[in-house]
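**Q** The structure that follows is given in the form of structure tokens.
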Amino acid sequence: MKKNNKKKEVKKEKSDGISRDQTQWVYSETVREHFFNPSNFMKPEEEATFKSNASGMVGSPACGDVMRFWLWINPKTEVIEKCRWRTFGCGAAIGSTSMLSVMITEKGGMSIEEARKIKPQDIIERLGGLPEIKFHCSVLGDKALRSAINDYFRRSGQISRIVPEEGRIIDPDTKTTDKDIETAILEGADTLEKIQDRTKVGVANPKVIPEVEQLIRFYKEKHSIS
Amino acid sequence: MDHAATTPLDPEVKAAMEPFWSKNFGNPSSIYQPGMAAKQALGQAREKIAKVLGAKSSEIIFTAGGTESANLAILGLSRAIYYGDNHPKKCHIITTKIEHPAVLNAVKALEKEDLETTILPVNKYGMVIIEEIKEAIKPETILVSVMYANNEIGTIEPIAEIGKLLKKINLERKTANLPKIYFHTDACQAAGYLDLNVEKLSVDLLTLNGSKIYGPKGSGILYVRQGTPIKPLIFGGGQEKGLRSGTENVPAFVGLAKALELAQKNKDKESKRLAKLSNDLTGKILTSIPKSFLNGHPEKRLPNNVNITILDIEGEALLLYLDNYGICASTGSACHSQNLEPSHVLQAICLPREIIHGSLRLTLGKSTTQKDINYIAKILPQIVQKLRDLSPINIKLKK
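First to last, the sequence lines map onto chains A and B. Quick note on numbering: the first sequence equals residues 1 to 226 in this note's numbering. Quick note on numbering: the second sequence equals residues 1 to 399 in this note's numbering.
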């Protein structure tokens, strides 16, 4: 059971239906690197002293992913000069948050306007890909980042610059919006189950499900999907 | 440390199988010499298994594994009765929430054929309540299916007691002219550690397979008590008394018989050894890692099963780290599943989702030593600390 036995051990293991590991957790080298050696995460001893002027958090423990960002934004240049994060979640969640933290602070830092435009796809690309099942649930870092940027505007009194999340938030835990649901439907998720597979909407908040079902009917009619 | 997923082939089993690949490759249905030799080997394998179960060899049906056996038991029996000569208008089946998907999904398939089902809850230890089985029985009940031991949390179900209860109820039903209730148990996880005598258990159908007992994958048996109505799922040349057509996988079944014989021979000694190791591991983990607790029954559990929940971290991340240290484990976290749904067993013992995500299953086996236990006990707290440092949440432990 020592390290040099690793390859042999892994090979003989097969799924029995509960380990459910047939193909899904094959991560790229970059993901593994960021997972095992994460950059910019908030160390416990730093928390009291790290100077930040913005923070944001998304996700819910029930869904299995929570991400939190702390930013230091230079008020003159509006460039993100420093950032820290913490993530509760799987390898993809930790790896993608770490990668995002690198993207926004490398080369002297990114302006908040640019940072706001980062999409999950940009992070996934830099990671050298992710298993498809992880796309929609594990890459929440961009939302946490935008939430932190809004916090910066709030704290600095620039209320007019706050940009609400695109669309209307349906599930406050997952920050799933009506737009997310529409996109999922256009990409072929045509039942509540399939949409939950992608977005986890309502998984921890069953009370929003009737509204989600209504939106599914609405968007299916809108796009003539039967 | 994931022996509940599967086990390596025992060298003795491999040796027993060896002659039946290329040398004695005959088809048991052929009447010439090599065919007869294969038929004889198959017969001996069947006898060995029957002996372990305290059954007749004619009651052993070879299949391609645990999933097939469970499907044959549930679908084969229910359809034989539901579509049989007496053709009852209604049929009812009872099972539990924590069964393996092979049982649960077969039962769900029957719901679509308009059979009624009751899927019983379990208590917080994962144990089915006998009183609830009794209450769930209806005049049209034909089958109760309860697993012998759970694959995720290791809880051992009171099979012999349920069997005894059903025997008593069936006597009363006979005088009341009600259909007999048959009893199936999925013994795949139990086969290496528990008594499989079908008389002591009072079961009519019993599923077990090779891949969990150091036997070959793709091998299983269904014990079918004489006189139990059952219809095949696979049709063809009529092998296995017409219940499982297709040329018999002679090497696999010879291997399965050998594996079962070895497992049952060593079960007391091995159970004792593994229980000591797993208790040691559980104790070490629970004392060194704050906010962690054991899932399943504290005593009535498989000797090789350790299932622990560790709050504030996610199971897949934990597995990746353990793998990096050469330790293979399993989790009930949704992030590690194909359908993003957390473990149905941990949901059935009423763990909230945020807690299920932090579950870790370590299952010991023949090759596990005290050194391995010490190694895991040393590594695990370090990994947990690292992941907790990364985690923004702090769930309060309510007990």
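Every residue, glycine too, gets a C-beta built ideally from N, C-alpha and C.
Name the one or two DSSP bridge partners that residue 86 (chain A) has.
**A** A:68.
**Q** Please report the distance separating the alpha-carbon of residue 153 (chain A) from that of residue 113 (chain A).
**A** Answer to the nearest angstrom: the Cα atoms are 12 Å apart.
**Q** CA-CA distance, residue 166 (chain B) and residue 203 (chain B)?
**A** Going from the Cα of residue 166 (chain B) to the Cα of residue 203 (chain B) covers about 9 Å.
**Q** Please classify residue 305 (chain B): is it buried, with 16 or more other beta-carbons within 10 angstroms of its beta-carbon, or exposed?
**A** Burial call: buried.
**Q** Applying a beta-carbon distance threshold of less than 9 Å, which residues of chain A neighbour residue 391 (chain B)?
**A** Here the neighbours are 66, 86, 87, 88, 89.
**Q** Just checking: is the beta-carbon of residue 342 (chain B) within a distance shorter than 9 Å of some beta-carbon in chain A?
**A** At least one chain A Cβ lies under 9 Å of residue 342 (chain B).
**Q** Report the neighbours of residue 94 (chain A) on chain B: residues whose CB is nearer than 8 Å to its CB, in chain order.
**A** Within chain B, the residues near residue 94 (chain A) are 317, 390.
**Q** Shorter than 9 Å from the beta carbon of residue 83 (chain B) to some beta carbon of chain A?
**A** Chain A, which has no Cβ nearer than 9 Å to the Cβ of residue 83 (chain B), makes this no.
**Q** Does residue 55 (chain A) come out as helix, strand or coil in the three-state DSSP assignment?
**A** In this structure, residue 55 (chain A) counts as strand in the three-state DSSP scheme.
**Q** With a cut-off of 9 Å, does the C-beta of residue 27 (chain A) fall near any C-beta of chain B?
**A** Chain B, which has a Cβ nearer than 9 Å to the Cβ of residue 27 (chain A), makes this yes.
**Q** Are at least three pairs of beta-carbons, each pair with one atom in the region 261-273 of chain B and one in the region 188-196 of chain B, less than 8 Å apart?
**A** Judged by Cβ distances under 8 Å, the region 261-273 of chain B makes contact with the region 188-196 of chain B, as three or more pairs qualify.
**Q** Counting beta carbon pairs with one atom in the region 88-99 of chain B and one in the region 55-66 of chain B, are three or more of them shorter than 8 Å?
**A** The region 55-66 of chain B is not in contact with the region 88-99 of chain B.
**Q** Quick one: Cα of residue 217 (chain A) to Cα of residue 187 (chain A), how far?
**A** Roughly 15 Å between the two C-alpha positions.
**Q** Below 8 Å on the Cβ atoms is my contact criterion, and I expect residue 90 (chain A) with residue 317 (chain B) to pass it. Report the Cβ-Cβ distance as a whole number of Å.
**A** The Cβ separation is near 6 Å, so the contact holds.
**Q** In angstroms with no decimal places, state the Cα-to-Cα distance between residue 344 (chain B) and residue 38 (chain B).
**A** When rounded, the distance between both Cα atoms is 42 Å.
**Q** With a 10 Å radius around its C-beta and 16 neighbouring C-beta atoms as the bar for buried, classify residue 37 (chain A) as buried or exposed.
**A** With fewer than 16 other Cβ atoms within 10 Å, it is exposed.
**Q** Between the region 30-48 of chain A and chain B, which residues of the former have a C-beta closer than 7 Å to a C-beta of the latter?
**A** So the close ones are 35, 36, 38, 41, 43, 44.
**Q** Name the chain B residues whose beta carbon is nearer than 8 Å to that of residue 57 (chain A)?
**A** Those within 8 Å of residue 57 (chain A) in chain B are 392.
**Q** My parser needs the alpha helix (DSSP H) runs of 4 or more residues fully inside the region 340-387 of chain B; what are they?
**A** Correct list: 344-348, 353-356.
**Q** Can a CB atom of chain B be found closer than 9 Å to the CB of residue 83 (chain A)?
**A** Output row for residue 83 (chain A): interface = no.
**Q** If we require 3 or more residues per run, which beta strand (DSSP E) segments fall completely within the region 77-162 of chain B?
**A** Runs found: 92-96, 116-120, 141-145.
**Q** Give the interface partners of residue 401 (chain B) over in chain A, defined as CB-CB distance under 9 Å, in chain order.
**A** Residue 401 (chain B) is absent from the model: chain B starts at 1 and stops at 399.
**Q** According to DSSP, simplified to helix, strand and coil, what is residue 91 (chain A)?
**A** Three-state result, residue 91 (chain A): helix.
**Q** For residue 189 (chain A) versus residue 178 (chain A), is the C-beta spacing smaller than 9 Å?
**A** No, Cβ-Cβ distance for residue 189 (chain A) and residue 178 (chain A) is not below 9 Å.
**Q** If distances are taken between C-alpha atoms only, which option among B:254, B:264, B:278, B:298 comes closest to residue 24 (chain B)?
**A** For residue 24 (chain B), the nearest C-alpha among the options comes from B:254.
**Q** Compare the C-alpha of residue 258 (chain B) against each of B:366, B:219, B:138, B:244 and name the closest.
**A** It is B:219.
**Q** If we call anything under 9 Å between Cβ atoms a contact, is residue 96 (chain A) one with residue 61 (chain A)?
**A** Cβ distance not < 9 Å, so residue 96 (chain A) and residue 61 (chain A) don't count as in contact.
**Q** Buried or exposed: residue 58 (chain B), going by 16 or more other Cβ atoms within 10 Å of its Cβ?
**A** Result: exposed.
**Q** Which word fits residue 48 (chain B), buried or exposed, when buried means at least 16 other C-beta atoms lie within 10 angstroms of its C-beta?
**A** Looking at its Cβ environment, which holds 16 or more other Cβ atoms inside 10 Å, residue 48 (chain B) is buried.
**Q** What residue does the alpha helix (DSSP H) around residue 24 (chain B) start on, and which one ends it?
**A** Run containing residue 24 (chain B): none; DSSP gives neither H nor E here.
**Q** Cβ closer than 9 Å: which chain B residues qualify as neighbours of residue 204 (chain A)?
**A** Neighbours of residue 204 (chain A) on chain B, chain order: 353, 354.
**Q** Kindly indicate if chain B contains any beta-carbon less than 9 Å away from that of residue 61 (chain A).
**A** Judged by the 9 Å Cβ criterion, residue 61 (chain A) is in contact with chain B.
**Q** Less than 6 Å between C-beta atoms, sequence neighbours within five positions excluded: which residues of the same chain meet that for residue 362 (chain B)?
**A** Correct list, in chain order: 1, 306, 329.
**Q** Which residues in the same chain as residue 284 (chain B) place their Cβ atom closer than 7 Å to its Cβ, once the five residues preceding and following it in sequence are excluded?
**A** So the list reads 377, once near-sequence residues are dropped.
**Q** How should residue 168 (chain A) be labelled, buried or exposed, when 16 other C-beta atoms within 10 angstroms of its C-beta is the threshold for buried?
**A** Residue 168 (chain A) is exposed by the Cβ-count criterion.
**Q** Going by DSSP, what residue range makes up the alpha helix (DSSP H) through residue 183 (chain B)?
**A** No alpha helix (DSSP H) holds residue 183 (chain B); the beta strand (DSSP E) holding it covers 182-186.
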